[in-house]
Amino acid sequence: MNKTILKVTVAVLALILTGCGAQSQDQASSSSSTSVKTEKKQEQKQDKKQSAKSSSQKEPQKETSSQTSGSIASSQSSSNNNSRPAPNNESRLSKLNADLNRTLGHVVLPQNDGLGQGSSQLNIRFTGDSDNYTVYYSVGNKARPLNDPAIRNEAPYATLSKKTYSSFVSAKAAVDYRSGDGDQGLPTVDLGHDITGTIDSGAGNRYLHWNEGQWSLVVHAAAVNGEDPQPMAKQVVEMLENSYLPAPNSVAAGEFEINGNNKLTWQDGKTVYSLEGQSVQTIITMAASIN
């Protein structure tokens, strides 16, 4: 009886121990599984961080590559632009002046054609030599070579003349200069810019005269036609505030007509230059550019 009870007790204890061992193995297995999962998650996080870091390092490389490509393209574009020929900005007048200088030697000529924006159809013909010459400026239906015979059929809008005299005195006498000493007692007109002119009327004409430096200036108007010289005189004074006429070494004269030709004349030693034209503004612009 006692042996039987002992055997049963031993068997029960064996079963209990077996169960505990299995439970311990399950817990160990579970713990091991949990540890493996945790390590995998940590590895995945590290992989993601490394991937993100690697990606962020590649972005500046891409940007640098893009900037380098842009710099190369810009450099190539700049090189291409520099290799292109520069546009020819030489004016028609400059070319014709060069032709005149080759023909007459270095002579005094306007550097502005007086046409505002200039003209690609400007034509020039001349007569004479370096001491005495006349240059005719005209605009045709097309540009022609210097002294082309067809230019004779074009009406000149301006004419420049040079005449050389035997003496300084003879050259000075050729300029119609008025000192203004004989204008005392005549009616005066305010022309602006602190300049006062005098009006001499008679025989159906009006002459408005004033002096600026060595220049004697006069505007002629036909009183019988109701012409008034004052508007043109004020216009000339205004233009001369911005345009400087050639400085004579003795005397110079400007003669303007309300309806007619206008003329600027100045002395340079034994030489007298004259510039004539229908437009006051044109001849003043041309004279101011003479070189």
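Going letter by letter, the sequence shown gives residues -24 to -1, 1 to 267 in mature numbering (1 follows the signal peptide of the UniProt record, and there is no 0). Think of the CB as a built atom: it goes at the ideal place given N, C-alpha and C, for glycine as much as any other residue. If you're wondering where the values come from, they're calculated on a predicted model, not measured in any experiment.
Residue i: first and last residue of the uninterrupted alpha helix (DSSP H) it sits in
{"i": "Glu214", "result": "206 to 215"}
{"i": "Val256", "result": "256 to 264"}
{"i": "Lys148", "result": "144 to 149"}
Opening and closing residue of the beta strand (DSSP E) in which residue i lies
{"i": "Ile100", "result": "98 to 104"}
{"i": "Asp244", "result": "238 to 244"}
{"i": "Glu229", "result": "The question names Glu, but residue 229 is Ala in the sequence shown. Looking at the DSSP string, the run of the beta strand (DSSP E) that includes Ala229 is 228 to 233."}
{"i": "Leu72", "result": "Element bounds for Leu72: not the beta strand (DSSP E) but the alpha helix (DSSP H), 68 to 80."}
{"i": "Arg182", "result": "181 to 188"}
{"i": "Asp176", "result": "171 to 178"}
{"i": "Glu252", "result": "247 to 253"}
{"i": "Lys118", "result": "Counting along the chain, Lys118 falls outside any beta strand (DSSP E), and DSSP gives it neither H nor E."}
{"i": "Val165", "result": "164 to 168"}
{"i": "Ala197", "result": "191 to 198"}
{"i": "Leu136", "result": "134 to 140"}
Any C-beta of chain B under 8 Å from that of residue i
{"i": "Thr241", "result": "Given the protein chain composition of this structure (a single chain), no chain B is represented."}
Rounded C-alpha distance that separates residue i from residue j
{"i": "Thr85", "j": "Gly168", "result": "It should be noted that the sequence gives Leu, not Thr, for residue 85. Rounded to the nearest angstrom, the two C-alpha atoms are 31 Å apart."}
{"i": "Ile234", "j": "Ala197", "result": "6 Å"}
{"i": "Ser137", "j": "Tyr109", "result": "6 Å"}
{"i": "Val83", "j": "Leu72", "result": "13 Å"}
{"i": "Gly90", "j": "Leu162", "result": "35 Å"}
{"i": "Arg154", "j": "Lys118", "result": "42 Å"}
{"i": "Thr258", "j": "Glu203", "result": "22 Å"}
{"i": "Glu217", "j": "Pro125", "result": "39 Å"}
{"i": "Asp157", "j": "Asn201", "result": "29 Å"}
{"i": "Asp170", "j": "Arg120", "result": "46 Å"}
{"i": "Asn123", "j": "Lys246", "result": "27 Å"}
{"i": "Thr172", "j": "Asp166", "result": "5 Å"}
{"i": "Thr174", "j": "Asp159", "result": "7 Å"}
{"i": "Leu240", "j": "Ser250", "result": "6 Å"}
{"i": "Glu188", "j": "Gln87", "result": "23 Å"}
{"i": "Gly92", "j": "Thr261", "result": "9 Å"}
{"i": "Asn181", "j": "Ser95", "result": "37 Å"}
{"i": "Arg68", "j": "Ser143", "result": "36 Å"}
{"i": "Ile48", "j": "Ser70", "result": "Confidence at Ile48 is low in this model, with a pLDDT of 37, below 50, so the placement of that residue is unreliable and no value is reported for it."}
{"i": "Thr135", "j": "Pro224", "result": "19 Å"}
Pair within 8 Å by beta-carbon distance, residue i and residue j
{"i": "Glu252", "j": "Asn237", "result": "yes"}
{"i": "Tyr133", "j": "Val111", "result": "no"}
{"i": "Gln206", "j": "Leu184", "result": "yes"}
{"i": "Ala147", "j": "Gln254", "result": "no"}
{"i": "Ala131", "j": "Tyr141", "result": "no"}
{"i": "Ala264", "j": "Ser226", "result": "no"}
{"i": "Val248", "j": "Phe232", "result": "no"}
Selected residue, minimal CA-CA separation from residue i, among the options
{"i": "Gly81", "options": "Val212, Ser106, Ser95", "result": "Ser106"}
{"i": "Gly230", "options": "Val212, Thr247, Ser96, Thr172", "result": "Val212"}
{"i": "Asn129", "options": "Leu69, Ser265, Tyr113, Pro224", "result": "Tyr113"}
{"i": "Met208", "options": "Trp186, Leu98, Ser226, Ser67", "result": "Trp186"}
{"i": "Ala199", "options": "Asp159, Ala179, Ser143", "result": "Ala179"}
{"i": "Ile127", "options": "Val195, Lys139, Gln97", "result": "Gln97"}
{"i": "Gln190", "options": "Ser143, Asn267, Asp152, Lys139", "result": "Asp152"}
{"i": "Leu193", "options": "Pro224, Ser177, Ala228, Arg182", "result": "Ala228"}
{"i": "Lys210", "options": "Pro224, Val195, Ala223", "result": "Val195"}
Original post:
With contact counted as at least three CB pairs below 8 Å, one residue from each stretch, are the region 97 to 106 and the region 66 to 85 in contact?
Top reply: Short answer: they touch.
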